[in-house]
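These protein sequence lines are chains A and B, in that order.
Once you know that position 91 of the first sequence is 71 in my numbering, the rest is easy, because the numbers rise by one and skip nothing.
To convert, take the position in the second sequence, counting from 1, and add 979; that gives my numbering.
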Amino acid sequence: MANSSTTKNEAVSAKPAAQAFTTMSVLAPAVGWLIPGAGHLIQKRWIRGLLLMGSIVTMFVLGLLMQGRVYQPNGGDILDILGFIGDVGAGGLYIVVQATGMAQNAIAHATQDYGTKYLIVAGLLNFISVADAYHIAIGKKP
Amino acid sequence: MTLTLSHFTAALLFAVFASVVFGITQRSTSREQVRYGFYCFAMFLGGVFVAGWVMWLLRR
C-alpha cells in the first residue's frame, strides 16, 4: 500500500514542471498562428513542424483551388462569423489571401462548398497546432 | 486554375491532413502519434463508407 503511493508520488514529481510564462510560450503560438507549423519549427521540432505546415498549407491551398468561399470579418450573419473564425485560424495564409484579393465570396457549384470546408478546417487545425506549440513551450509536452 | 475533386477524393484528402494534425497534436511519443494518426484516418474513412451505405439504404 505504502509502496504504491510512494511510486505514484515519484511519478508525479518526475513530470517536468510546466512554466506558464516564458518568451517561448508567447513567441511559439504567435509564430505558429502566423505561419502554420512554425511554432514547432522554432522549438526545433523539425519533423512535426514540417508535417503540420505541409498538411495545413496544402489543405488551405486546395480549398483556394476549389474556389472555396473566404469569409469576411464583417459577415453579419452568425454562420458567417463562425466561418470567419475558422478561416482566420490559418493566420498569415488568410491575411495574404485577403490582401491579394484572391478571396472568393460566392458559391456557384458543389466543389466550391468542399473548398469552403477545407479553408475553415485548415484554420481550425492550425488553432490545434498553436495550442500544441504552446504546450511544448511550457514543458507540458515533450 | 480550378480544382474539381470527387466527393470521395475530397473526403480522402481531408482524412489524410486532419489525421496528420490530430496524430501529432493529441499524443506525446512518436509511436503513439503514428498509431493515433492511422486510427483517425481509419475512422474518417470508415465513417465515409458507413455514411455512404446508410444513404444507399435510405434511398432504396
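Note that the Cβ used here is the ideal one computed from N, Cα and C, for glycine as well.
Find the residues of chain A that neighbour residue i, judging by a C-beta separation of less than 9 Å, and give them in chain order.
i: F996/B; result: G34, S35, I36, T38, M39, L42, Y98, V101, A102, L105
Please classify residue i: is it buried, with 16 or more other beta-carbons within 10 angstroms of its beta-carbon, or exposed?
i: H89/A; result: exposed
i: F40/A; result: buried
i: D57/A; result: exposed
i: N54/A; result: exposed
i: K(-12)/A; result: Because the pLDDT of K(-12)/A is 49, which lies under 50, any placement of that residue in the model is unreliable, and the number read from its coordinates should be weighed accordingly. Per the 10 Å Cβ criterion, exposed.
i: S998/B; result: buried
i: L99/A; result: buried
Give the secondary structure of residue i by DSSP, where H, G and I count as helix, E and B as strand, and everything else as coil.
i: K(-12)/A; result: Because the pLDDT of K(-12)/A is 49, which lies under 50, any placement of that residue in the model is unreliable, and the number read from its coordinates should be weighed accordingly. Helix.
i: R1014/B; result: helix
i: R1006/B; result: coil
i: R1039/B; result: coil
i: R25/A; result: coil
i: S(-7)/A; result: Low confidence applies here, because S(-7)/A scores a pLDDT of 48, under 50, leaving its location unreliable and the question unanswered by this model.
Taking 6 Å as the cut-off, is the C-beta of residue i nearer than that to any heavy atom in the ligand FMN?
i: A79/A; result: Inclusion of the ligand FMN in the displayed structure is not the case, the ligand content being empty and no account of it being possible.
Mind listing the chain B neighbours of residue i? Cutoff is C-beta to C-beta under 8 Å, in chain order.
i: L45/A; result: M980, T981, L982
i: D112/A; result: I1003, T1004
Output, in chain order, the set of chain B residues within a Cβ distance shorter than 9 Å of residue i.
i: L31/A; result: V999, V1000, G1002, I1003
Going by alpha carbons, who is nearest to residue i out of the options?
i: G72/A; options: L62/A, G95/A, I36/A, R25/A; result: I36/A
i: T96/A; options: W26/A, Q47/A, Q52/A; result: Q47/A
i: Q92/A; options: L14/A, I27/A, P16/A, G43/A; result: G43/A
i: A70/A; options: T3/A, Q23/A, G34/A; result: G34/A
i: F1028/B; options: L991/B, L982/B, T983/B; result: L991/B
Can you list the residues of chain A that residue i reaches, using a CB-CB cut of under 7 Å?
i: L992/B; result: L42
i: A989/B; result: Y94
Please compile the residues from chain B whose C-beta is within a distance smaller than 7 Å of the C-beta of residue i.
i: T91/A; result: T983, L984
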